[in-house]
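Asks: Residue numbers (this note's numbering), protein chains in the order written: chain D, 1 to 422; chain L, 1001 to 1422.
1. Within 10 Å of its beta-carbon, does residue 1226/L have 16 or more other beta-carbons around it, so buried, or fewer, so exposed?
2. Considering only the beta carbon of each residue, do residue 151/D and residue 1369/L sit closer than 8 Å?
3. Does any residue of chain D bring its CB to less than 8 Å from the CB of residue 1412/L?
4. Return the CA-CA distance between residue 1272/L and residue 355/D, expressed in angstroms with no decimal places.
5. Give me the residue from 281/D, 274/D, 348/D, 261/D with the minimum Cα distance to residue 311/D.
6. Can you look up residue 1188/L in the DSSP assignment and give me helix, strand or coil?
7. Please confirm if residue 235/D has its CB atom under 8 Å from at least one CB of chain L.
8. Alpha carbon to alpha carbon, how far is residue 1407/L from residue 87/D? Give it in angstroms, no decimals.
9. Helix, strand or coil: which one does DSSP assign to residue 104/D?
10. Using only the alpha-carbon positions, how far apart do residue 414/D and residue 1104/L sit?
11. Taking residue 1039/L as the query, report the chain D residues whose CB atoms sit under 8 Å from its CB, ordered along the chain.
12. Could you pull out every residue in the same chain whose Cβ sits closer than 7 Å to the Cβ of residue 1268/L, ignoring the five residues on either side in sequence?
13. In whole angstroms, give me the CA-to-CA distance for residue 1134/L and residue 1020/L.
14. Classify residue 1311/L as helix, strand or coil using the three-state DSSP reduction.
15. Per DSSP, which residues does residue 376/D bridge with? Please list them.
16. Which runs of the alpha helix (DSSP H), 4 residues or longer, sit entirely within the region 111-170 of chain D?
17. When the distance is taken between beta carbons, is residue 1297/L closer than 8 Å to residue 1315/L?
18. Which chain L residues sit within Cβ distance under 9 Å of residue 372/D?
19. Quick check: the Cα distance between residue 1391/L and residue 1420/L, rounded to an integer number of angstroms?
20. Once the 5 residues before and after residue 427/D are set aside, which same chain residues still bring their CB inside 7 Å of it?
21. Quick one: using the 10 Å Cβ neighbour count with 16 as the cut-off for buried, is residue 1119/L buried or exposed?
22. Could you tell me how far apart the beta carbons of residue 1282/L and residue 1219/L are, in whole angstroms, since I believe they sit closer than 8 Å?
23. DSSP three-state label for residue 1388/L, please.
24. What does residue 1319/L reach in chain D if we use C-beta pairs closer than 9 Å?
25. Can you list, in chain order, the stretches of the beta strand (DSSP E) that have 3 or more residues and sit fully within the region 1255-1342 of chain L?
26. Can you list, in chain order, the residues of the region 1070-1104 of chain L whose Cβ is nearer than 8 Å to any Cβ on chain D?
27. 8 Å is my cut-off, CB to CB: does residue 1123/L come that close to chain D?
28. Using 8 Å as the threshold, is the region 325-339 of chain D in touch with the region 139-148 of chain D, meaning 3 or more CB pairs across them?
29. My output table needs one value for residue 207/D: the three-state DSSP class, helix, strand or coil.
30. Less than 8 Å between CB atoms is the rule here; does residue 1369/L satisfy it with respect to chain D?
31. Just checking: is the beta-carbon of residue 136/D within a distance shorter than 8 Å of some beta-carbon in chain L?
32. Consider the Cβ of residue 1044/L: report whether some Cβ of chain D lies at a distance smaller than 8 Å.
33. Taking just the CA atoms, how far does residue 1360/L sit from residue 263/D?
34. Give the C-beta separation of residue 23/D and residue 336/D to the nearest angstrom, bearing in mind that I take them to be a contact with Cβ-Cβ under 8 Å.
35. Going by the beta-carbon positions, is the gap between residue 101/D and residue 320/D smaller than 8 Å?
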């Protein structure tokens, strides 16, 4: 029987691991320069916090950990898994950030820009491209109610995409308040807003006709489909507050939200130029915690989003007991790694020393140490009869030069280097 | 009620996180140069592998994860926690490496130098300095039966300590075969070797008298205490094979093992100089899987070891079904972070821009982006009445310069910089 990693989880071999670490290094360096500060939280959180309603549907996917020292009697007396469990593996980095902020806010600056990277775990049914452990990469600005938070977040995320060499991405943006104004003006009662938003979110999949059909099935009669028509037909007025407000119900509150949206996008475009940001009135970003701006990065080579986020003023403070404004954005790390070109890692500083079995160990090691101390990455390889296979292996592993050494080579500066061709 | 991280686990605030990441970067860069290749394995492994007897006592400390979708009926029918669990969090990186090697050996070079870093979890009773999640940092050479593996491992680990600026460490070394020869020559039967080694390992704590006393209580009569006396009295013959063999029972097998020990230490000392490596005949390194060389780094400022390892030829192949020689060393990352000096992270490239509320967002952001693009780390701070508190906060957070900006500042090259004194 084959020995494999646990179902739905991955090993990373050296070349893949180097590539992932390389992408992560660019992301980290960029976010740090933009003033986001690195934090780390433990993989396990108290189950009660993970299941406190902030994680939406993901709560159901959490891996739960046995209480320690469970006895047969404990098990006999329990009727639900929760009675046997007190900890869970985090399913995202937002719930842990909210808990972290509540635990440590006294030691943090008034406006805290958090950069939070790490694995998360979801007990999803394993399938192509879905894994049960994957890396999330979040930035959040906590304590800033003004649009500066949206602007800083978007400029930092865009800069990461630039530095990684991702071309052709675009950022769909909207505002949750505009959506609520639209629904209200169509005569849809507050109690049905979530149902309506879930349906609206399916526009990509089921089309305008499908959305209208589903709304009619799910909502009580009496709402106006006319009000929804421009939105469903893919109206694109650009970033003009009055035009946006007109599409989204036309209320003063809609004009307010549209003005704010155009204002922060305007600053970003003022700095980066136009063409990357697109107003999408049907962008919903799931249910739940978003209270204002929402954004989602897309890429033509990907069927799924490259990252998303928004303003969620009510949530970070939930564990703290006071409201704290916040804007967050999560880059889809696994998807970024997927779409980036796979560069060869071969480099002139990555060299191999090929020695004969029975060579003087001290001699070979001295050559290695000389090369290490001059900045090389050095692999020792015992010579084998099949030299061709040996050199091919080195090319696969990213080595660009090799030298066959024996006791006559005393100085690493004068070795018989052989260039390895890929 | 205070909101805290889960019991026995830690949050890392930005300054601590930066420090840890900095130490890890030095470790990684050094090991990579020495030819060790980075791998990653998932945090969760099949429980059956974690509990296959390779983890010693640590197996008992594993966090076990509920099977998904447990029902009341599943719980009613179970009598042990294991029946309700199929996955566990890894308690070390050695069992996952053995599993990784078995899963992926076909894609790895014949001699594989693995560099494996990540968190591990142990359900220990939380106490000062003991955490339930901590980082391990392992290197292993798999597939090399010769002393080159010991030499490469020790030179790489010593280089890491050098580059981190750790001074005054020493490496205690021994060989498990010498210990077994010693016990055999004292007339202690194979069945009692483990008991005898556990007692010998307590020499530091209970002294020579204590060890002899405990041996007499635990072993059957008839073994020779005279043979053990030189070892217990702290004999130090240096790295002389015949002298070492004489102390450790005097057999030909002991001479063989002593010759090998002196040979690899000799190569390391030939390159690094003498004085760091010390033969310690009472070094045992726990039970279990070690089959030859064992080593343990100590530091005068630490009561516990700074890292340890050894040769374990029988274990890596356990999941594969064939024997594969291996030497491993694990640096104690948490302890390294503890003993390293806490440098200030203040740097001339870490700057703050202080703006007045109501300033033009676009203007402030343009200044920030100019500084980011010229390699600065930039934090925006809204001006508050209490400027002193504001600047003190920036110093604490590692900022060395700040500028108060308004709409008159158009160019980031000519800002009214103020040096912040720590």
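Ideal Cβ positions, reconstructed from N, Cα and C, are used throughout, including at glycine. As the structure is a computational prediction, the values presented were derived from the model and not from experiment.
Replies: Judging by the given coordinates:
1. Translated into the one-based positions of the second chain, residue 1226/L becomes position 226. An exposed status is given to residue 1226/L, since fewer than 16 other beta-carbon atoms sit within 10 Å of its beta-carbon.
2. Working through the first chain from its first residue, we reach residue 151/D at position 151. Working through the second chain from its first residue, we reach residue 1369/L at position 369. No, these two residues do not count as a Cβ contact at 8 Å.
3. What you label residue 1412/L is simply residue 412 of the second chain in a count that begins at 1. Proximity of residue 1412/L to chain D, defined by a Cβ-Cβ separation below 8 Å, is not satisfied.
4. Here residue 1272/L is taken as the residue at index 272 of the second chain, counted from 1. Here residue 355/D is taken as the residue at index 355 of the first chain, counted from 1. Taking the straight line joining both Cα atoms gives about 22 Å.
5. Translated into the one-based positions of the first chain, residue 311/D becomes position 311. Measuring C-alpha to C-alpha distances from residue 311/D to each of 281/D, 274/D, 348/D, 261/D identifies 261/D as the nearest.
6. Translated into positions along the second chain, residue 1188/L becomes position 188. The answer is coil: DSSP assigns residue 1188/L none of H, G, I, E or B.
7. The residue given as residue 235/D occupies position 235 in the first chain. Chain L, which has no Cβ nearer than 8 Å to the Cβ of residue 235/D, makes this no.
8. The sequence position of residue 87/D within the first chain is 87, counting from 1. The sequence position of residue 1407/L within the second chain is 407, counting from 1. Going by the C-alpha atoms only, they are around 51 Å apart.
9. The residue you call residue 104/D lines up with position 104 of the first chain. Looking at residue 104/D - three-state DSSP - the assignment turns out to be helix.
10. Here residue 414/D is taken as the residue at index 414 of the first chain, counted from 1. Here residue 1104/L is taken as the residue at index 104 of the second chain, counted from 1. Near 37 Å, if we compare the C-alpha coordinates of residue 1104/L and residue 414/D.
11. On the second chain, position 39 is the one that residue 1039/L refers to. 11, 12, 13, 14, 17, listed in chain order.
12. Translated into positions along the second chain, residue 1268/L becomes position 268. Cβ within range, chain order: 1151, 1154, 1155, 1277.
13. By one-based count along the second chain, residue 1134/L stands at place 134. By one-based count along the second chain, residue 1020/L stands at place 20. If I take the Cα positions, the gap works out to 12 Å.
14. Taking the first residue of the second chain as position 1, residue 1311/L is located at position 311. In the structure shown, the three-state DSSP call for residue 1311/L is strand.
15. On the first chain, residue 376/D is found 376 positions in, with the first residue counted as 1. For residue 376/D, which the question treats as bridged, DSSP gives no partner whatsoever.
16. Qualifying alpha helix (DSSP H) stretches, in chain order: 148-164.
17. Working through the second chain from its first residue, we reach residue 1315/L at position 315. Working through the second chain from its first residue, we reach residue 1297/L at position 297. No, these two residues do not count as a Cβ contact at 8 Å.
18. To locate residue 372/D, count along the first chain from 1; it is residue 372. Chain-ordered, the chain L residues with CB closer than 9 Å to the CB of residue 372/D read 1030, 1033, 1034, 1035, 1155, 1156, 1159.
19. The residue labelled residue 1391/L in the question sits at position 391 within the second chain. The residue labelled residue 1420/L in the question sits at position 420 within the second chain. So the two alpha carbons sit approximately 7 Å from each other.
20. Absent from the structure is residue 427/D, since the part of chain D shown begins at 1 and ends at 422.
21. For the purposes of this step, residue 1119/L is taken as residue 119 along the second chain, with counting starting at 1. For residue 1119/L, the number of other beta carbons within 10 angstroms of its own is at least 16, and it is reported as buried.
22. On the second chain, residue 1282/L is found 282 positions in, with the first residue counted as 1. On the second chain, residue 1219/L is found 219 positions in, with the first residue counted as 1. A Cβ-Cβ separation of about 17 Å leaves residue 1282/L out of contact with residue 1219/L under the 8 Å criterion.
23. Stepping through the second chain from its first residue, residue 1388/L is reached at position 388. In the structure shown, residue 1388/L adopts helical secondary structure according to DSSP, grouped into three states.
24. Counting from one through the second chain, the residue named residue 1319/L turns up at place 319. The contacting residues are 3.
25. Those beta strand (DSSP E) runs which fall completely within the region 1255-1342 of chain L and span 3+ residues are 1277-1279, 1293-1298, 1307-1311, 1326-1331.
26. Against chain D - using a Cβ distance shorter than 8 Å - the residues of the region 1070-1104 of chain L are 1070, 1072, 1075, 1076, 1078, 1079, 1080, 1081, 1084, 1085, 1087, 1089, 1099, 1100, 1102, 1103, 1104.
27. Looking up residue 1123/L in the second chain gives position 123. Interface residue, yes.
28. Yes: at least three Cβ pairs fall under 8 Å.
29. Locating residue 207/D in the first chain gives position 207, counting from the first residue. Note: residue 207/D maps to helix in three-state DSSP.
30. To locate residue 1369/L, count along the second chain from 1; it is residue 369. Judged by the 8 Å Cβ criterion, residue 1369/L is in contact with chain D.
31. The residue you call residue 136/D lines up with position 136 of the first chain. Chain L contact via Cβ: absent.
32. In the second chain, residue 1044/L corresponds to position 44, counting from 1. Taking Cβ atoms only, chain D reaches closer than 8 Å to residue 1044/L, which makes this a yes.
33. As a working mapping, residue 263/D is identified with position 263 in the first chain. As a working mapping, residue 1360/L is identified with position 360 in the second chain. In this model, residue 263/D and residue 1360/L are separated by some 11 Å (Cα to Cα).
34. Counted from its first residue, the first chain places residue 23/D at position 23. Counted from its first residue, the first chain places residue 336/D at position 336. Residue 23/D to residue 336/D, Cβ: 6 Å. Contact.
35. For the purposes of this step, residue 101/D is identified with residue 101 of the first chain, where counting begins at 1. For the purposes of this step, residue 320/D is identified with residue 320 of the first chain, where counting begins at 1. Yes, the pair counts as a contact, with Cβ atoms nearer than the cut-off.
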